[in-house]
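**Student:**
Residue numbers (the working numbering), protein chains in the order written: chain U, 571 to 794; chain S, 3 to 442.
(1) List in chain order: all unbroken alpha helix (DSSP H) runs of 4+ residues lying wholly within the stretch 305 to 369 of chain S.
(2) Under three-state DSSP, which class holds residue 203(S)?
(3) Which residues in the same chain have their Cβ closer than 7 angstroms to the Cβ of residue 71(S), if we skip the five residues on either side of it in sequence?
(4) Please name the residue or residues paired with residue 610(U) in a DSSP beta bridge.
(5) What separation, rounded to the nearest whole angstrom, lies between the Cα atoms of residue 22(S) and residue 122(S)?
(6) Check residue 534(U) in the structure and name its three-state DSSP category.
(7) Please confirm if residue 63(S) has its CB atom under 8 angstroms from at least one CB of chain U.
(8) Would you tell me roughly how many angstroms separate the C-alpha atoms of residue 255(S) and residue 236(S), rounded to the nearest one?
(9) List the residues of chain S that residue 703(U) touches, going by C-beta distances under 9 angstroms, in chain order.
(10) Reducing DSSP to helix, strand and coil, say where residue 698(U) ends up.
(11) Kindly indicate which three-state DSSP category residue 15(S) falls into: helix, strand or coil?
(12) Answer yes or no: does any C-beta atom of chain S fall closer than 8 angstroms to that of residue 666(U)?
(13) Does the beta-carbon of residue 395(S) have 16 or more other beta-carbons within 10 angstroms, so that it is buried, or is it exposed?
(14) Following a CB-centred definition, is residue 196(S) positioned closer than 7 angstroms to any heavy atom of the ligand GDP?
(15) By a C-beta neighbour count over all protein chains shown, 10 Å radius and 16 as the cutoff for buried, is residue 41(S) buried or exposed?
(16) Within 10 Å of its beta-carbon, does residue 119(S) have 16 or more other beta-carbons around it, so buried, or fewer, so exposed?
(17) Got a sec: is the Cβ-Cβ distance from residue 67(S) to anything in chain A below 8 angstroms?
(18) Helix, strand or coil for residue 242(S)? Go by DSSP, reduced to three states.
(19) According to the Cβ coordinates, are residue 188(S) and residue 247(S) closer than 8 angstroms?
(20) Between which two residues does the beta strand (DSSP E) carrying residue 274(S) extend?
(21) Let me know the secondary structure DSSP gives residue 731(U) once reduced to three states.
(22) Could you spell out the range, first to last residue, of the beta strand (DSSP E) harbouring residue 377(S)?
(23) Can you tell me whether residue 406(S) is buried or exposed, with buried defined as 16 or more other CB within 10 angstroms of its CB?
(24) Please classify residue 761(U): is it buried, with 16 or more other beta-carbons within 10 angstroms of its beta-carbon, or exposed?
(25) Looking at the structure shown, is residue 100(S) part of a helix, part of a strand, or coil, going by DSSP?
(26) I'd like the span of the alpha helix (DSSP H) that includes residue 619(U), first residue to last.
(27) Contact between the stretch 5 to 12 of chain S and the stretch 660 to 674 of chain U: three or more CB pairs below 8 angstroms?
(28) Give me the subset of the stretch 643 to 662 of chain U whose CB atoms are less than 8 angstroms from a CB atom of chain S, sorted by chain position.
(29) Looking at residue 206(S) and residue 153(S), is the spacing between their C-beta atoms short of 8 angstroms?
(30) Is it buried or exposed for residue 4(S), if we count other Cβ within 10 angstroms and need 16 for buried?
(31) According to DSSP, is residue 584(U) part of a helix, a strand, or is it coil?
(32) What residue does the alpha helix (DSSP H) around residue 154(S) start on, and which one ends it?
(33) Can you check whether the CB of residue 7(S) is closer than 8 angstroms to the CB of residue 83(S)?
(34) Give me the Cβ distance between residue 367(S) and residue 98(S), rounded to the nearest whole Å; I'm assuming they're in contact under 8 angstroms.
(35) Please tell me whether residue 385(S) and residue 418(S) are closer than 8 angstroms, where the distance is taken between their beta carbons.
(36) Give me the DSSP bridge partner(s) of residue 659(U).
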């Protein structure tokens, strides 16, 4: 097989367990070396934002968000490896790299309790230049509802290019789609995004989802 | 008008609409049942598709993504250069008699527009041999490029060319550079950068033509012929031509100039082979062969700087640790993916480091005066015959220190090692006939 990230030939390791489950053999998208470049979040983490840390108490960033609580889970740590991945996937636009994280995301979604999955949308301009929504790219057949849209067609400055202070004063960028109320009323909604940095974007989205009549909103991000 | 010079002889996507440009060509085109990238000429896989339905090329993604919605623009090369008032060649050095003979042959072949190969031993002074021909070409207002598969080679070469042709507009292009592109007569760049050019160069000098990744990449080989003008020609430089080139030489398809002797007239250092039984087992216990340690300690005592070549990147930390434990300290390790690679090599050049432990990335194109070379695990398949000859060629390059020691530790002899020894001996025999001698 060929690794989607480093494009090298590799031989997937098939253990006895995989053989005995009598399912189709696993077909990993990443080779062993590239898999180790990404660090999954295991062990103690912040209970509200999912950040990897030594204790299970609420982290400093989340304490500052007391007024707007939101429960987030994250799959991977946002470290040098994840940064390199995001650089190639999102900013260089290598859509094939979505395959690398479909399997971990599928597993993470299985552990979440929700009724409706709402991915964070991208604006019109990004859709034209990038050609894909980086979040829905990671979904492999799971049903989702595009209940949110971006109000402005074009963002002057991407979120990733701002400082923390600039991010926190960002005005509400999202709006509900017209049929959102039918989709969301009384539902448990799971928001899906790529990176949780300050939590500003996800809280803006959660606010809109609550306006749409959702019963509960939690979020899942690929990296924290 | 100034902005347009960016498109001279190149094929690029336009950042914003430029009204002067004619209709561009779509970057990813459907040809028959398949899609082909018009920059790197590679075929797309059936899965290389975006969510919005556009096709995109993954092969040259690092140079900026091209999709079936981007357009590439080009302006054919106008050769709009002004010549410097004085002499073009500002190089002060002297060519040896042997070099002079080769330089004349190279120049004649260029004047006749022939594709040619200069087969010169490591440390023969290939670069300088090309200078007279280069000066002639530049005087014809030719656009010339000096390309190499290795970025280290380009980085070392660019300042030398800058010195040698001071009045000529020059630019250096490579992957992670920060300076912008300028339209210039003499371009020094990695082969990958040629993908952005089309029919631009009247003469292309391809340095280290047998080096990875050029030797194994049809994409890069095609990039060379595409970057060359239809009326242009090229010169290949190498010390160790591969099978394919040697076949072309035998068939007489390539004008070839030989230079079996180094510029200082001394013969090539031979590879001293030593057995190191099961050194990998020792390494797991953080130990290196006693012979090796003794040799390196001697180098340390006599202030002799050295390069230690190892087969794989993953060996580097272990070997560094083992060296550290044996009291051989102060050096650094370097590999292709090392973020501080350029800085470390520069530090070695500036004589700030006593030694470098490296993978094969430093096998060619770099010159450190008075350096000893040690290869650990020379029987590993990564050390091909060409690689070994090149590595051995790092030693004894300067005229002041022509005596270089090359030691190769192997667990067992391999064909590649023996071939490398034979190749060096053969070149030395030819060199002796031309008056080469052993350094004292």
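A virtual CB, placed ideally from N, CA and C, is assigned to each residue, including glycine.
Computed from a prediction, not measured in an experiment: that's the story for all the values here.
**Tutor:** Reading from the atomic positions:
(1) 317 to 327 and 343 to 351
(2) strand
(3) Taking C-beta separations shorter than 7 angstroms and ignoring five residues to either side along the sequence, the partners of residue 71(S) in its chain run 56, following chain order.
(4) 646(U)
(5) 46 angstroms
(6) Lying before the first or after the last residue shown, residue 534(U) is absent from chain U, which here runs from 571 to 794.
(7) yes
(8) 13 angstroms
(9) What residue 703(U) touches in chain S: 53.
(10) helix
(11) strand
(12) yes
(13) buried
(14) By its list of ligands, the structure shown contains no ligand whatsoever, and the ligand GDP lies outside what it can speak to.
(15) buried
(16) buried
(17) The question asks about chain A, but that chain is absent: this structure's protein chains are U and S.
(18) coil
(19) no
(20) 273 to 277
(21) helix
(22) Under the DSSP assignment, residue 377(S) falls in the beta strand (DSSP E) whose first and last residues are 373 to 378.
(23) Buried is the call here.
(24) Taking every protein chain shown into account, the CB of residue 761(U) has 16 or more other CB atoms within 10 angstroms, so this residue is buried.
(25) helix
(26) No alpha helix (DSSP H) contains residue 619(U), which DSSP labels as neither H nor E.
(27) no
(28) 658 and 662
(29) no
(30) Note that residue 4(S) scores 49 on pLDDT, short of 50, meaning its location in the model is unreliable; the coordinates nonetheless yield the value given after this. Looking at its Cβ environment, which holds fewer than 16 other Cβ atoms inside 10 Å, residue 4(S) is exposed.
(31) Note: residue 584(U) maps to coil in three-state DSSP.
(32) 153 to 166
(33) no
(34) Between residue 98(S) and residue 367(S) the Cβ distance is about 21 angstroms, and since that is not below 8 angstroms, they are no contact.
(35) The Cβ-Cβ distance between residue 385(S) and residue 418(S) falls below 8 angstroms.
(36) Answer is none; residue 659(U) lacks a bridge partner.
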